[in-house]
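Okay, so the sequence shown: first residue is 5 according to my numbering, each after it adds one. Glycine included, each C-beta is placed from N, C-alpha and C at the ideal position.
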Amino acid sequence: MTQPTPSPFTDPAAVARYAEGPRRNVPGYDSLLRMSRILLAERVPADGRVLVVGAGGGLELEDMALAHPGWRFDGVDPSQPMLDLAAQRLQSAGVPGGRVALHHGYAQSAPAGPFDGATCLLTFHFVPREERVPMAAEIRRRLKPGAPFVAVHLSVADGDAGNDGGEGGAGERDLWLSRYAAFQVASGMAPEMADRGRAKVAAELAVLTPQEDEAILREAGFGDVRIFYMGFAFRGWVACV
Numbered sequence: 005m006t007q008p009t010p011s012p013f014t015d016p017a018a019v020a021r022y023a024e025g026p027r028r029n030v031p032g033y034d035s036l037l038r039m040s041r042i043l044l045a046e047r048v049p050a051d052g053r054v055l056v057v058g059a060g061g062g063l064e065l066e067d068m069a070l071a072h073p074g075w076r077f078d079g080v081d082p083s084q085p086m087l088d089l090a091a092q093r094l095q096s097a098g099v100p101g102g103r104v105a106l107h108h109g110y111a112q113s114a115p116a117g118p119f120d121g122a123t124c125l126l127t128f129h130f131v132p133r134e135e136r137v138p139m140a141a142e143i144r145r146r147l148k149p150g151a152p153f154v155a156v157h158l159s160v161a162d163g164d165a166g167n168d169g170g171e172g173g174a175g176e177r178d179l180w181l182s183r184y185a186a187f188q189v190a191s192g193m194a195p196e197m198a199d200r201g202r203a204k205v206a207a208e209l210a211v212l213t214p215q216e217d218e219a220i221l222r223e224a225g226f227g228d229v230r231i232f233y234m235g236f237a238f239r240g241w242v243a244c245v
């Protein structure tokens, strides 16, 4: 019997390389981290508690913990190897273990809170469409009234891009995914790997339109939903309870 193909979040080699990925794949990733914590800091107090959904790898945990030494964090992720990587990253960065609690599981596995803010970065596109409203609702009900929520993930418009501007009439979704792959190549990825990645995204991930993503947040009970970031195929929103 053949072995199943390892998940990118359980394959040890892929986990070890994880930190390279966001900066190679996501335009302006470091600035995105800074923007996310600026948006949180508008409402999260100096001694606030923040929920991080999809915390595996620890990149955003490290960024927020170093910038806001009074914040405490609960991070949740379904991949134990990725949580182990996050713990190693935080330890190497000198973040005291008492400030961060890591939980193996999904949003519903997180503590009840209440939290002063929450993030879900580069995670929702792995979640099937029918599971997104319940997941967002699980996050919302753990937040204090007025608390901010920052979400960033793949989100691409659909339809005909038209023939003007040299686009050749390609579908808008295909066009933006092509730009996503081109950014990866410009960041040093081999073209054939970028093409395979683009095809995998198109075939396997639940990439919705920005309108659908905003509607999901509102249906889950969030208000004042506003877009703050766009990087080729990625979009980011801030919303409040």
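If you measure from the CB of residue i, is any heavy atom of the ligand NAD nearer than 8 angstroms?
i	result
residue 54	Absence of the ligand NAD is noted for the structure shown, with no ligands found whatsoever.
So the alpha helix (DSSP H) residue i belongs to, where does it begin and stop?
i	result
residue 187	176-190
residue 61	It is not in any alpha helix (DSSP H) - residue 61 carries neither H nor E in the DSSP assignment.
residue 28	24-29
residue 201	195-208
residue 78	Careful: residue 78 lies outside any alpha helix (DSSP H), inside the beta strand (DSSP E) at 76-81.
residue 44	33-45
residue 91	84-96
residue 133	133-144
Cutting at 8 angstroms between CB atoms, please list the residues of its own chain near residue i, excluding the five before and the five after it.
i	result
residue 180	160, 161, 236 and 237
residue 321	Given that the chain is displayed from residue 5 to residue 245, the structure contains no residue 321 and the question cannot be resolved.
residue 43	152, 154, 232 and 242
residue 47	120, 121, 150, 151, 152 and 244
Got a sec? Which residues, its chain only, sit under 7 angstroms from residue i by beta carbon, not counting five neighbours each side?
i	result
residue 142	111 and 112
residue 195	189
residue 212	133 and 159
residue 106	59, 79, 87, 90 and 91
residue 103	69, 76 and 77
residue 29	188
Between residue i and residue j, what straight-line distance do the alpha-carbon atoms span, to the nearest angstrom?
i	j	result
residue 99	residue 202	36 angstroms
residue 243	residue 228	5 angstroms
residue 92	residue 59	13 angstroms
residue 39	residue 95	24 angstroms
residue 156	residue 192	23 angstroms
residue 218	residue 152	15 angstroms
residue 150	residue 186	39 angstroms
residue 101	residue 51	16 angstroms
residue 41	residue 207	32 angstroms
residue 54	residue 183	33 angstroms
residue 121	residue 27	24 angstroms
residue 49	residue 128	26 angstroms
residue 130	residue 83	13 angstroms
residue 199	residue 31	17 angstroms
residue 135	residue 25	25 angstroms
residue 205	residue 72	34 angstroms
Please look up how many angstroms separate the CB atoms of residue i and residue j, rounded, as I've assumed it's under 8 angstroms.
i	j	result
residue 79	residue 65	6 angstroms
residue 221	residue 140	6 angstroms
residue 216	residue 137	The pair is not a contact, with the Cβ atoms about 11 angstroms apart (cut-off 8 angstroms).
residue 239	residue 214	5 angstroms
residue 144	residue 245	6 angstroms
residue 97	residue 70	6 angstroms
Going by CA-CA distance only, name the one from the options that's closest to residue i.
i	options	result
residue 241	34, 125, 59 and 193	125
residue 231	85, 36, 148 and 127	36
residue 81	56, 145, 74 and 68	56
residue 146	132, 118, 127 and 154	118
residue 85	121, 109 and 116	109
residue 68	24, 106, 123 and 25	123
residue 45	205, 233, 25 and 154	154
residue 225	197, 148 and 204	148
From which residue to which residue does the beta strand (DSSP E) around residue i run?
i	result
residue 221	Not the beta strand (DSSP E): residue 221 falls in the alpha helix (DSSP H), residues 214-223.
residue 121	121-125
residue 158	152-158
residue 99	No beta strand (DSSP E) contains residue 99, which DSSP labels as neither H nor E.
Might you give, ordered along the chain, the residues of its own chain that have their beta carbon closer than 6 angstroms to the beta carbon of residue i, omitting 5 neighbours on each side?
i	result
residue 3	The structure shown has nothing for residue 3, since the chain only spans 5 to 245.
residue 74	50 and 51
residue 175	none
Determine, using beta carbons only, whether residue i comes closer than 9 angstroms to chain B.
i	result
residue 202	Of the protein chains in this structure there is only one, and it is not chain B.
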